[in-house]
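All the letters of the sequence shown, read from the start, carry residue numbers 1 to 280 under this note's numbering.
A virtual CB, placed ideally from N, CA and C, is assigned to each residue, including glycine.
Keep in mind that this is a model prediction, so the values were computed, not measured.
Comments concern the structure below.
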Amino acid sequence: MTAPSAPSAFVPEPARVRRVHRETATTFTATIDVPGRPGGLAFAPGQFNMLYAFGVGEVAISISGDPARPDRLLHTIREVGPVTRALGRLRAGMALGLRGPFGSPWPVDEARGADVLLLAGGLGMAPLRPALCHVLRHRAAYGRVALLYGARGPEDLLYRRELERWGRRADLQVLVTVDRAGPGWSGHVGVVPALLRLADFDPGRAVAFVCGPEVMMRFTARELERRGVPGERVYASLERNMKCAVGICGRCQLGPSFVCKDGPVLRYDRVGPLLAVREL
Numbered sequence: 001m002t003a004p005s006a007p008s009a010f011v012p013e014p015a016r017v018r019r020v021h022r023e024t025a026t027t028f029t030a031t032i033d034v035p036g037r038p039g040g041l042a043f044a045p046g047q048f049n050m051l052y053a054f055g056v057g058e059v060a061i062s063i064s065g066d067p068a069r070p071d072r073l074l075h076t077i078r079e080v081g082p083v084t085r086a087l088g089r090l091r092a093g094m095a096l097g098l099r100g101p102f103g104s105p106w107p108v109d110e111a112r113g114a115d116v117l118l119l120a121g122g123l124g125m126a127p128l129r130p131a132l133c134h135v136l137r138h139r140a141a142y143g144r145v146a147l148l149y150g151a152r153g154p155e156d157l158l159y160r161r162e163l164e165r166w167g168r169r170a171d172l173q174v175l176v177t178v179d180r181a182g183p184g185w186s187g188h189v190g191v192v193p194a195l196l197r198l199a200d201f202d203p204g205r206a207v208a209f210v211c212g213p214e215v216m217m218r219f220t221a222r223e224l225e226r227r228g229v230p231g232e233r234v235y236a237s238l239e240r241n242m243k244c245a246v247g248i249c250g251r252c253q254l255g256p257s258f259v260c261k262d263g264p265v266l267r268y269d270r271v272g273p274l275l276a277v278r279e280l
């Protein structure tokens, strides 16, 4: 899938919040309109936008909507710093700035004909949601499809209604786990890599998309390789402190790669060794 490029890489476009939906105590999904794009903002699964909170700053946020619905631009945001907390105070009708979309997408076209594993940890479900939407929309083009998703607790799960709906599909395997079980939780308890023993896939024809905390991605890639899925068929979406989003400032450099431009989606056999190096 070809990634659309931004019309003006450095100048934020005026945007407006259409709706805010609270996902968890610290995470929300904002539906955003871009008046200068009457047909909506076209993007590829896995790309991100730079969202600007006026008077506070800018932050890179993955697009979490359905790529077939550019008129419904979604961003799922966790309130962890000054900019994301400022974005969390926005309500319907309020303004913000937007640059994008940027970055390399999930290789959903290259994965046609393969078994597809989507492995998400925590907020990593947000960048993977567009890829899953695309795969399900073109379901006949893929082999077996499995979503393996983990969160700290049941209260931290994103997109709960969709998870229930996805879980009822006969053509999609959904496995959900939590680190700690709360009252009434009857699902799996443990880490995402442990779910691979339950997943239905052929290692010889499987492609894996992984997003989550780096430690989760390292152990997931290790377990995938142990089960016969090599690093060249594992793709990871990386998070770094992005500023320019076009590979100029160097803030997100990882070895020879700029995560904002060469990533955020990168082949794990290329970035795995770099993630094992301690950063200063």
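- Each residue's CA atom was taken as its position, placing Arg137 and Val108 some 12 Å apart.
- The three-state secondary structure of His138, taken from DSSP, is coil.
- Looking at the backbone, the Cα of Glu223 and that of Glu239 are separated by about 21 Å.
- Asp156 sits in a helix when the DSSP states are folded into three classes.
- Between Ile77 and Ala30, the CB-CB gap stays under 8 Å.
- Here Asp200 has Arg144, Ala146 and Gln173 as same chain residues with Cβ atoms under 7 Å from its own Cβ, once five neighbours each way along the sequence are excluded.
- For the pair Ala131 and Phe209, the Cα-to-Cα distance works out to about 9 Å.
- Between the C-alpha atoms of Phe102 and Gly255 there is a straight-line separation of about 20 Å.
- Annotated as distal: Tyr159 and Arg139, with beta-carbon spacing of 8 Å or more.
- The beta carbon of Asp115 sits closer than 6 Å to those of Gly143, Arg144, Phe201, Asp202, Arg205 and Ala206, all from its chain and outside the five residues before and after it, given in chain order.
- Segment contact: the stretch 245-253 against the stretch 119-128, fewer than three CB-CB distances shorter than 8 Å; contact not assigned.
- In this chain, the alpha helix (DSSP H) harbouring Gly88 covers Pro82 to Gly88.
- Counting only the Cα atoms, Gly231 lies some 18 Å from Leu148.
- Residue state for Val234 is assigned as strand, using DSSP reduced to three classes.
- Listed as beta-bridge partners of Cys211 by DSSP are Ala120.
- Here the stretch 57-75 makes contact with the stretch 83-97; the two share three or more CB pairs at distances below 8 Å.
- The alpha carbon of Phe54 has as its nearest neighbour, out of Val259, Val246 and Val83, the alpha carbon of Val83.
- The Cβ-Cβ distance between Gly93 and Ala15 does not fall below 8 Å.
- With 16 or more other Cβ atoms from the protein chains shown falling within 10 Å of its own Cβ, Glu13 counts as buried.
- For Leu163, the closest alpha carbon among the candidates Val176, Ser237 and Leu74 is that of Val176.
- Cα atoms of Ala151 and Ala221: separation of roughly 18 Å, rounded to the nearest angstrom.
- Residue pairing by DSSP places Ile63 opposite His75 in a beta bridge.
- Spatial neighbours of Val20 in its own chain (CB-CB distance under 8 Å, excluding positions within 5 residues in sequence) are listed in chain order as Phe28, Thr29, Ala30, Thr31, Leu90, Arg91 and Ala92.
- In this structure Thr26 touches Glu79 by the C-beta definition: roughly 5 Å separates them, less than 8 Å.
- The three-state reading of DSSP puts Thr24 in coil, since its state is none of H, G, I, E or B.
- Setting aside the 5 residues that flank it on each side, His188 is surrounded in the same chain by Thr177, each with a C-beta closer than 6 Å to its C-beta; the list follows chain order.
- When only Cα atoms are considered, Arg112 and Val135 end up about 9 Å apart.
- Taking every protein chain shown into account, the CB of Phe10 has fewer than 16 other CB atoms within 10 angstroms, so this residue is exposed.
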